[in-house]
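To start, the structure under review is shown below, and the notes come after it.
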Ligand SMILES: [Zn+2]
């Protein structure tokens with residue numbers, strides 16, 4: 188059994204199909220320690236975290252992937268972020284009168300949209316949005332991939348409140364297997380085999396065991412595990428940029444009322460306070476918000 192939170196890539200030899208497995212316990216626990224969540228929200232956040240970690244492995248440059256859902260349901264906002272070097276953070280807001288009996292995905296995120304944002308360290312961000320019309324996060328993400336990337340993907344996400352795990356299967360552009368029918372057939376076989384995986388197996392089995400259990404008739408190359416850790420990327424500088432973006436008039440109004448501006452990072456609880464003198468300096472340098 189793997190000792191630490193990780194993701195691990197695998198490749199089907201001879202087929203243009205890749206996969207990725209993620210399993211999170213410690214980082215998940217650290218993220219949950221920042222805020223008290225009802226069980227249904229804990230589990231939903233776990234799925235978002237596992238999904239963000241899985242999808243971050245599809246990003247081919249330094250940066251971060253942000254999964255964010257907004258809804259009219261019991262969870263108006265939930266987000267998970269994972270950087271390309273697998274640093275993870277996440278947060279959810281939930282209605283105070285959340286009833287455990289209405290804890291289905293469609294209740295929690297009723298009339299919602301899911302945004303997938305890829306933010307490179309250098310260059311423009313890219314965002315795709317899908318309505319949350321499916322019965323699970325995994326199904327919504329599959330729809331997103333089908334619409335935006337034209338690459339078929341299959342996702343499994345599971346969370347028991349202590350551990351969250353995910354499996355991603357994804358077609359790659361045709362390279363090794365160019366015959367269309369054969370390509371479709373192989374993908375369908377892999378999908379059917381994967382569909383026999385239970386949530387409990389995904390949570391409890393080691394990765395080699397999972398792959399053997401599902402795909403022992405295929406040749407699968409398993410890559411090294413990459414550790415995933417909890418790390419909040421907030422900083423004084425980023426907070427200052429956010430204040431700059433809010434605008435001088437609003438911020439100076441707060442200063443007038445309170446003498447300083449205090450910002451608490453919702454992800455980790457860290458507090459940043461800015462004095463009037465610091466903020467005056469900030470608003471004197473108009474290029475600051477543009478440089479990053
Ligand atoms: Zn933070």
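Numbering (our numbering), first residue to last: 188 to 479. Cβ coordinates follow ideal geometry from the N, Cα and C atoms, glycine included.
For this session: Classify residue 248 as buried or exposed, calling it buried when 16 or more other Cβ atoms lie within 10 Å of its own Cβ.
Result: Residue numbering aside, residue 248 sits at position 61 when the chain shown is read from its first letter. Exposed, by the Cβ-count rule.
Beta-carbon contacts of residue 267 that lie in its chain and below 6 Å, excluding the five residues immediately before and after
As a working note, residue 267 is residue 80 in the chain shown. Same-chain partners within the cutoff: 235, 236, 239, 254, 277.
**OP:** Count the other CB atoms, across all protein chains shown, that sit within 10 Å of the CB of residue 208; report buried if there are 16 or more and exposed otherwise.
**Re:** Within the chain shown, the letter at position 21 stands for residue 208. Its Cβ being crowded by 16 or more others within 10 Å, residue 208 is buried.
So, with DSSP's three-state summary, where would you put residue 410?
Within the chain shown, residue 410 is the residue found at index 223, counting from 1. Of the three classes helix, strand and coil, the one that applies to residue 410 here is strand, per DSSP.
Q: Please list, in chain order, all residues with a C-beta atom less than 6 Å from at least one heavy atom of ligand 1.
A: 419, 421, 452, 454, 455, 457
Assuming residue 195 and residue 409 make a contact with CB atoms under 8 Å, what is their CB distance in whole Å?
Within the chain shown, the letter at position 8 stands for residue 195. Within the chain shown, the letter at position 222 stands for residue 409. Yes, they are in contact, since the Cβ atoms of residue 195 and residue 409 sit about 7 Å apart, within 8 Å.
Quick check: the Cα distance between residue 324 and residue 281, rounded to an integer number of angstroms?
Indexing the chain shown from 1 puts residue 324 at position 137. Indexing the chain shown from 1 puts residue 281 at position 94. Residue 324 and residue 281: Cα-Cα distance of roughly 17 Å.
Practice prompt. Can you grab the Cα-Cα spacing for the pair residue 443 / residue 454, in whole Å?
Written response: Counted from its first residue, the chain shown places residue 443 at position 256. Counted from its first residue, the chain shown places residue 454 at position 267. Approximately 27 Å between the Cα atoms of the pair.
> Where does residue 260 land, buried or exposed, given buried means 16+ other C-beta within 10 angstroms?
Replying inline: Locating residue 260 in the chain shown gives position 73, where the first residue counts as 1. Buried is the call here.
Q) Taking Cβ positions, are residue 355 and residue 340 nearer each other than 9 Å? A) Working through the chain shown from its first residue, we reach residue 355 at position 168. Working through the chain shown from its first residue, we reach residue 340 at position 153. Closer than 9 Å, so yes.
Where residue 206 sits in the DSSP three-state scheme: As a first step, residue 206 is located in the chain shown; it is residue number 19 there, counting from the start. Reduced to three states, the DSSP call for residue 206 is strand.
Which of the three DSSP states is assigned to residue 337 in this structure? The residue labelled residue 337 in the question sits at position 150 within the chain shown. In the structure shown, residue 337 sits in coil (DSSP, three-state: anything other than H, G, I, E or B).
Next item on the list: Please state whether DSSP places residue 260 in a helix, a strand or coil.
Entry: Taking the chain shown and counting its residues from 1, the one referred to as residue 260 is at position 73. Residue 260 falls in the coil class under three-state DSSP.
Point to revise | Beta-carbon proximity list for residue 462, same chain, < 6 Å, skipping 5 on both sides | key: Sequence index remark: in the chain shown, residue 462 carries index 275 (1-based). Closer than 6 Å at the Cβ level, and outside the excluded window around residue 462, lie 447.
Using a Cβ-Cβ cut-off of 9 Å, state whether residue 430 counts as contacting chain D. No chain D is part of this structure, which consists of one protein chain only.
Name the two residues that bound the continuous beta strand (DSSP E) containing residue 460. Locating residue 460 in the chain shown gives position 273, counting from the first residue. Per DSSP, residue 460 belongs to the beta strand (DSSP E) from 458-462.
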